[in-house]
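Everything on this sheet refers to the single structure shown next.
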Amino acid sequence: MNIQRLCAERLLEHPLGRGLVAIPITLIVVITIVDIHMPVDIHLGPLLVVAPALTVSFAGPRLTSLIGALAVSAEILIAGLHGGLNTTNHIAQIIALTILSTVVTLVCLVREQRGQELSRVRSVAETAQRVLLRPPPRRVGPLCVAWLYLAAEDEAQIGGDLFGVARIAHGSRAIIGDVRGKGLDAIGEASVVLGAFREGAHRCATLPALVTALEESVSRSIEEVAEIEHDHGEHFITALTLDIPDHDSRAEMVNCGHPPPLLLHGHDVQVLHSHSPAPPLGVCEPFETTHRTDAFTFEAGDALLLYTDGVVEARSPAGVFYPLAERLASFPMCGPEALLRHIHEDLLAHTGKHLADDAALLVIERAPSRLHLHGPHIPVHHQKENQRVNGSGL
């Protein structure tokens, strides 16, 4: 059962919904009684079309057609009491009312079919999200992880933004990336990167070796999964990979054309620019690029905020970009899930609740204590149209 029909049925089960059904029926009864008592040369029958037209706003095609049939029956009754069905004016009114009621019912039917299609697409997106993205647990070793995904397209809950966390022998590795393009067409390219990351995170001894493996996989598979027939532009993926050891505060990253991560240390926000950035995946052949790591200090209690350009390129109605680093410094100190809630609410307020591109954020916090690791989980709930928020890692 699609969402729209379910909402309609629940509405009709509610006392308010039953009251709404009474409105078109009352209109039919009132118009019929008044018309019967009016002079023969005054015709109120055409007003009966208001009943099915009103019903379509809150009911499905069955109830709408029933109200339409009731309106036509009322017009036939009026005609029978005002000279019979052989009167030209009454015949024309009956035909017109029948046509209009049929059109309204067809519109309602098309709307319901569209709702069913949208429900199926959303179901596929949710399944793809669970199978392809596979959110990891909230805790990964000494790390606390939370994520947020906002899809720009109404019909999709995932698109070209990707992120993942893998647990390895000496620590954890993470990736966040952004496929050129958005929506469902970019899922194939995102799946290539995520699959290569999950395999390479355990097989590759170093972070540069992992990025090289990602580059090889993208170069080998991008033409098979990309929508080259409909999109003749370049196909590439910006990516940021991290290597975070369990017992060492020295972490490493390799940035392949992706927005720099933000390091939160208390109330300080530091932008981790790469001193040796690499081009996005898919731009160069694997043997043409040498990947170098950038080291940074990631201590207990610190948090990393990884994000895609859909966040920092989100514009206000006046055209102002969202100042993520500045706004982050103004938020109170809190855990990963609460931080995402603050960002989510602030981002939607900045953009007027509409995003032009997919946006994803991943928060990784090195837990300051055992108590924090075993603290209660506060999920980030799903909010608003075609926009997905989750309180666990991807």
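Convert by adding 1158 to the 1-based position in the sequence shown; the result is the number in this note's numbering. The beta-carbon is built from N, C-alpha and C at its ideal position, and this holds for glycine as well.
{"Item": "Straight-line Cα distance separating A1371 from G1641", "Value": "Nothing about residue 1641 can be read from this structure; the chain reaches only from 1159 to 1552."}
{"Item": "Start and end residues, alpha helix (DSSP H) containing L1430", "Value": "First-last for L1430: undefined, no H or E at that position."}
{"Item": "Proximity of T1399 and L1430 at Cβ, strictly below 8 Å", "Value": "no"}
{"Item": "Which of helix, strand or coil DSSP assigns to S1215", "Value": "coil"}
{"Item": "Separation of A1483 from Q1428, as counted between CA atoms", "Value": "8 Å"}
{"Item": "The beta strand (DSSP E) enclosing I1557, as first and last residue numbers", "Value": "Outside the shown range of the chain, which is 1159 to 1552, sits residue 1557, and nothing can be said about it."}
{"Item": "DSSP state of D1515 mapped onto helix, strand, coil", "Value": "coil"}
{"Item": "Segment limits, alpha helix (DSSP H) that includes I1333", "Value": "It is not in any alpha helix (DSSP H) - I1333 instead sits in the beta strand (DSSP E) that spans G1329 to V1337."}
{"Item": "Member of H1328, G1329, G1346 and S1330 whose CA lies at the smallest distance from the CA of D1336", "Value": "G1346"}
{"Item": "Complete beta strand (DSSP E) runs within the segment 1435–1466 (minimum length 3 residues, chain order)", "Value": "1452–1455 and 1461–1465"}
{"Item": "Cross-strand partners of L1420 (DSSP beta bridge)", "Value": "V1429 and L1463"}
{"Item": "Three-state secondary structure (DSSP) of A1310", "Value": "coil"}
{"Item": "Distance CB(L1306)-CB(H1500) smaller than 8 Å", "Value": "no"}
{"Item": "Residues near T1222 in its chain [Cβ-Cβ closer than 7 Å; skip 5 each side]", "Value": "P1210, T1213, V1214, V1262, T1263 and C1266"}
{"Item": "Whole runs of the alpha helix (DSSP H) within the segment 1173–1197, excluding any shorter than 4 residues", "Value": "1173–1195"}
{"Item": "Given P1366 as reference, the closest of L1439, G1299, L1486 and V1470 once Cα atoms are compared", "Value": "L1439"}
{"Item": "Residues that DSSP places opposite V1369 in a beta bridge", "Value": "According to DSSP, which records beta bridges pairwise, V1369 is partnered with nothing at all."}
{"Item": "For A1324, the residue or residues it bridges with in DSSP", "Value": "R1331"}
{"Item": "Cutoff 8 Å; reference V1350; Cβ partners in own chain excluding five residues on either side", "Value": "S1375, V1376, S1379, I1380 and V1383"}
{"Item": "C-beta atoms of D1319 and D1452 nearer than 8 Å", "Value": "no"}
{"Item": "Segment contact flag, the segment 1290–1305 with the segment 1323–1332, C-beta cutoff 8 Å, min 3 pairs", "Value": "yes"}
{"Item": "E1313 versus L1276: straight-line alpha-carbon distance, rounded", "Value": "For E1313, the pLDDT reaches just 49, beneath the cut-off of 50, and the residue's location in the model is therefore unreliable, leaving the point undetermined."}
{"Item": "R1297 - partner residues in DSSP beta bridges", "Value": "C1302"}
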